[in-house]
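J.: Just passing along the structure, written as structure tokens.
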Amino acid sequence: MRFLYQTVKEVLASGRIGSPVFVRCLAQIASDRVHLQDALAEVLATASAWLGAHPQQVYAQGGEDAGHITAAVHYVSGQTALVSMSATKTDGPPRVDLMLLGNKGAIYHDSLLLPLFAMPTTRLISQSEQLSSTKALMDAVERSLQTGKSAIIEGGKSDE
Numbered sequence: 075m076r077f078l079y080q081t082v083k084e085v086l087a088s089g090r091i092g093s094p095v096f097v098r099c100l101a102q103i104a105s106d107r108v109h110l111q112d113a114l115a116e117v118l119a120t121a122s123a124w125l126g127a128h129p130q131q132v133y134a135q136g137g138e139d140a141g142h143i144t145a146a147v148h149y150v151s152g153q154t155a156l157v158s159m160s161a162t163k164t165d166g167p168p169r170v171d172l173m174l175l176g177n178k179g180a181i182y183h184d185s186l187l188l189p190l191f192a193m194p195t196t197r198l199i200s201q202s203e204q205l206s207s208t209k210a211l212m213d214a215v216e217r218s219l220q221t222g223k224s225a226i227i228e229g230g231k232s233d234e
């Protein structure tokens with residue numbers, strides 16, 4: 075995951091795909107369902123860093139009992155992210171499917187993850203790079219999971 079994060083970051087910095095507007099990340103992680111929300115938080119923080127925007131609203135479905143969590147996030151600058159984390163079958167390898175669309179191009183990545191790297195043990199992005207709204211975003215994910223409705227991210231910042 076670290077290599078993928080760094081590669082995407084370099085492509086974005088080069089301007090090759092223009093301004094990022096949409097991230098879709100579908101990941102099957104280790105079969106341990108307990109870490110689904112932690113993995114979702116990590117990928118949503120990464121998506122927010124790639125989009126360079128603050129999350130405004132989220133709609134989430136699933137849960138650890140269901141074996142998957144999916145979150146659709148709308149950002150204050152108009153970007154969108156769709157992130158889905160699911161547990162692998164006991165015999166299935168972890169994998170990630172990423173699509174990042176910019177206004178001038180796209181990045182696509184689909185691969186298996188080595189079991190050792192299926193669940194990051196260290197943050198992919200630095201604390202300074204991680205948006206302060208990650209906790210508020212995950213609180214909103216939890217509210218959305220409980221109510222079945224979209225939730226506003228409290229403390230979300232305006233880019234205006």
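Numbering (the numbering used here), first residue to last: 75 to 234. Don't be surprised by glycine CBs; every beta carbon is placed ideally from N, CA and C. Note that this is a predicted model, so its numbers are computed, not measured.
1. In chain order, what residues of the same chain have a beta carbon less than 8 Å from the beta carbon of Y149, not counting five sequence neighbours either side?
2. Measuring CB atoms only, is the segment 99 to 108 touching the segment 154 to 173, in the sense that at least three cross pairs come out at less than 8 Å?
3. Answer with buried or exposed for Q80, where buried requires no fewer than 16 other C-beta atoms within 10 angstroms of its C-beta.
4. In chain order, what are the residue ranges of uninterrupted beta strand (DSSP E) at least 3 long that sit wholly in the segment 110 to 167?
5. For D106, decide whether its Cβ has a neighbour in chain D, counting only Cβ atoms nearer than 8 Å.
6. What's the call for A134, buried or exposed, on a 16-neighbour Cβ count within 10 Å?
7. Please identify the residue among L219, S93 and G141 whose C-alpha is closest to the C-alpha of V108.
8. Following the continuous beta strand (DSSP E) through L100, name the residue where it begins and the one where it ends.
9. Is V147 closer than 8 Å to L118 when the C-beta atoms are compared?
10. Should Q153 be labelled buried (16 or more other beta-carbon atoms within 10 Å of its own) or exposed?
11. How many angstroms separate the CA atom of G166 from the CA atom of L110?
12. Determine the DSSP secondary structure at S185, reduced to helix, strand or coil.
13. Comparing C-alpha positions only, which one of L86, R217, Y182 and A115 sits nearest to S158?
14. Distance check for I91 and G179, CA to CA, integer angstroms please.
15. On the DSSP bridge assignment, give the partners of V82 in chain order.
16. Taking only three categories from DSSP, how would you classify D106?
T.: Here's the rundown:
1. For the purposes of this step, residue 149 is taken as the residue at position 75 of the sequence shown. Excluding residues within five positions, the ones whose Cβ falls inside 8 Å are S122, L125, A127, H128, P129, Q130 and A155.
2. yes
3. Along the sequence shown, read from residue 1 onward, the residue named residue 80 stands at position 6. When all chains shown are included, Q80 counts as exposed.
4. 129 to 137, 142 to 149 and 154 to 161
5. Within the model displayed, chain D is absent; a lone protein chain is all it includes.
6. Taking the sequence shown and counting its residues from 1, the one referred to as residue 134 is at position 60. It is buried - the Cβ of A134 has at least 16 other Cβ atoms within 10 Å.
7. Locating residue 108 in the sequence shown gives position 34, where the first residue counts as 1. Distance check between V108 and each of L219, S93 and G141 places G141 closest, using alpha-carbon atoms only.
8. The sequence position of residue 100 within the sequence shown is 26, counting from 1. Per DSSP, the unbroken beta strand (DSSP E) holding L100 starts and ends at P94 to I103.
9. For the purposes of this step, residue 118 is taken as residue 44 along the sequence shown, with counting starting at 1. For the purposes of this step, residue 147 is taken as residue 73 along the sequence shown, with counting starting at 1. Yes, these two residues count as a Cβ contact at 8 Å.
10. Residue mapping note: residue 153 aligns to position 79 of the sequence shown, counting from 1. The residue is buried, with at least 16 neighbouring Cβ atoms inside 10 Å.
11. As a position in the sequence shown, residue 166 is number 92, starting the count at 1. As a position in the sequence shown, residue 110 is number 36, starting the count at 1. Those two C-alpha atoms are separated by around 16 Å.
12. The residue you call residue 185 lines up with position 111 of the sequence shown. If DSSP states are grouped into helix, strand and coil, S185 belongs with the strands.
13. Here residue 158 corresponds to residue number 84 of the sequence shown, with the count starting at 1. Per the Cα distances, A115.
14. Indexing the sequence shown from 1 puts residue 179 at position 105. Indexing the sequence shown from 1 puts residue 91 at position 17. About 4 Å.
15. The residue given as residue 82 occupies position 8 in the sequence shown. In the DSSP output, where bridge partners are listed per residue, V82 has none listed.
16. Numbered from its first residue, the sequence shown carries residue 106 at position 32. In this structure, D106 counts as coil in the three-state DSSP scheme.
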